[in-house]
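J.: Right, I'll just put the structure down here and ask away after.
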Amino acid sequence: MEGRRAPAMREILAAHAEKHPSLRPQDAVKLAFQAAYGAEHLVSDEACARAHFMEEFVSAEPRGAPLREEVSPALCRADIGAWKARGLPPEWLLRAFLLSLSLPPEGAEETFLGYLAEARALANGGALPFSGEEFGVFAEEYLAGGVRPVRHSAGYRAAEKPAYRIIDKRVARLFPLLGRMNALEGDAKAVALDGRCASGKSSMARDLAVIAGAGVVHMDDFFLPPELRTAERLAAPGGNAHFERFREEVLSRLNSHEAFSYRIFDCGTMDYAGLREVAASPYRVVEGAYCCHPALGEYMALRAFSDVDPAAQLARIGERDGANAARTFAQRWIPMEEAYFAAFRIRERADVVL
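So the sequence shown is numbered by numbering that gives the first Met the number 0: it starts at 0 and just counts up by one.
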């Protein structure tokens, strides 16, 4: 669930030291660099990045390790051997990596130097498998040559056989769902991604479209038109979605694997506004609150629930839509969603909670 406290860099460094006793000053510097700068420096040409990744994937040994390991509050390392052991498509991990690329954030060098100071303090305190003096010597020699990427130490490479890619945690959040999607058999591969507003459902659906090639259907396109917005309808849990039109325009096409389109209802103009194209794919993702409503039947092969801490939820709505909108959501839309979740045990029935 989003909203839990992100680990501090000191905790991440200490966790790496405990898990990887072969960690040397060079490896701690590499971890600090990745945490501060991300993965953008690794790719100058996407075709070369793809070829290098596939070569590394083929040579990586499958291993029963966790799929991901913390690098920073925003990033993680996705273990290629662990991915391979689970039988997940290599192309999915490559696409997740490419989705995670970004320019270094503002102040990256200052952040990096702060991480180095934290590493030295931990080493001085005996929390790392080398002394503060050892770390200081390496860090000073390294900084004399300018801030730059660095390889793992020879000892770490021999002991750990590191093979991974840096992934944004917002993308890595999808790993449990991707694992379940990959295990689906037969033609029915529709995923219902329900959950709380401002929890990231739309962003996750966009990422699933890139990573797995999924065709995406948005429940926000099925806002209930004015003529159907009766008091009785709106009083029913989840009654503010146009389930009748969803059944007519979408439901029978979800498992066809062929491209299709449906009408978009614009709640701003209260009228239809063009067509939404759904890409051809064996995977379909229906995202949005109310996509697991019993009125739609059991069309889904997987149920996922996107969660968010209530305080973070309102903060995001305020940042996205403004304070007035946040108040409206708090007073009207969020209570309606919560009544629906409770009435039909939507979170409890989910196969995956994200």
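Backbone N, C-alpha and C define an ideal beta-carbon position, used for all residues, glycine too.
Can you tell which of P104, A213, A325, Y298 has its C-alpha closest to the C-alpha of R94?
T.: Counting from 1 along the sequence shown, the entry for residue 94 is found at position 95. When each option's Cα is compared against that of R94, the closest is A213.
J.: Between P159 and L12, is the Cβ-Cβ spacing less than 8 angstroms?
T.: Here the question's residue 159 lines up with position 160 in the sequence shown. Here the question's residue 12 lines up with position 13 in the sequence shown. Before going further, note that residue 159 is Glu rather than Pro in the sequence given. No, they are not a contact pair.
J.: If you compare alpha carbons, which of I79, Y163, E54 is closest to A38?
T.: Here the question's residue 38 lines up with position 39 in the sequence shown. The residue with the shortest Cα to Cα distance from A38 is Y163.
J.: When the Cβ atoms of the segment 270 to 286 are set against those of the segment 244 to 261, are three or more pairs found closer than 8 angstroms?
T.: Yes, they touch.
J.: For E347 and L301, what's the separation of their Cα atoms in angstroms?
T.: Within the sequence shown, numbered from 1, the residue matching residue 347 stands at position 348. Within the sequence shown, numbered from 1, the residue matching residue 301 stands at position 302. Rounded to the nearest angstrom, the two C-alpha atoms are 13 angstroms apart.
J.: Quick check: the segment 20 to 28 against the segment 114 to 132, are there 3 or more CB pairs under 8 angstroms?
T.: Yes: at least three Cβ pairs fall under 8 angstroms.
J.: Assuming I11 is part of the alpha helix (DSSP H), what are its boundary residues?
T.: Along the sequence shown, read from residue 1 onward, the residue named residue 11 stands at position 12. 8 to 18 is the span of the alpha helix (DSSP H), which, as asked, contains I11.
J.: D167 and L102 - do their beta-carbons sit closer together than 8 angstroms?
T.: Position 103 of the sequence shown holds residue 102. Position 168 of the sequence shown holds residue 167. No, they are not a contact pair.
J.: Can you give me the C-alpha to C-alpha distance between E1 and D308, rounded to a whole angstrom?
T.: Numbered from its first residue, the sequence shown carries residue 1 at position 2. Numbered from its first residue, the sequence shown carries residue 308 at position 309. Note that E1 scores a pLDDT of 46, beneath 50, so its modelled location is shaky; the value from the coordinates is reported in the next line. Approximately 6 angstroms between the Cα atoms of the pair.
J.: Given a cut-off of 8 angstroms on the beta-carbon distance, is the pair L204 and L192 in contact?
T.: The residue labelled residue 204 in the question sits at position 205 within the sequence shown. The residue labelled residue 192 in the question sits at position 193 within the sequence shown. Checking the sequence shown, residue 204 turns out to be Ala, not Leu. Yes, Cβ-Cβ distance for A204 and L192 is below 8 angstroms.
J.: In the DSSP assignment, find the unbroken alpha helix (DSSP H) run with L177 in it and report its ends.
T.: As a first step, residue 177 must be located in the sequence shown, where it is residue number 178. Looking at the DSSP string, the run of the alpha helix (DSSP H) that includes L177 is 174 to 181.
J.: Skipping 5 residues on each side, what residues in its chain have a beta carbon closer than 7 angstroms to that of G273?
T.: The residue you call residue 273 lines up with position 274 of the sequence shown. Closer than 7 angstroms at Cβ, skipping near neighbours: I263.
J.: So P20 and P128 are supposed to be a Cβ contact under 8 angstroms. How far apart are they, rounded?
T.: Stepping through the sequence shown from its first residue, residue 20 is reached at position 21. Stepping through the sequence shown from its first residue, residue 128 is reached at position 129. P20 to P128, Cβ: 6 angstroms. Contact.
J.: Indicate whether at least one CB of chain B lies closer than 8 angstroms to the CB of E286.
T.: Among the protein chains of the structure shown there is no chain B, as only one such chain exists.
J.: Specify the secondary structure class of R3 as computed by DSSP and reduced to three states.
T.: The residue labelled residue 3 in the question sits at position 4 within the sequence shown. Only weak support exists for where R3 lies, its pLDDT of 47 falling under 50; the value from the coordinates is given anyway. Reduced to three states, the DSSP call for R3 is coil.
J.: Decide if the segment 233 to 250 is in contact with the segment 174 to 183; the criterion is three or more beta carbon pairs, one per stretch, under 8 angstroms apart.
T.: The segment 233 to 250 vs the segment 174 to 183: no contact.
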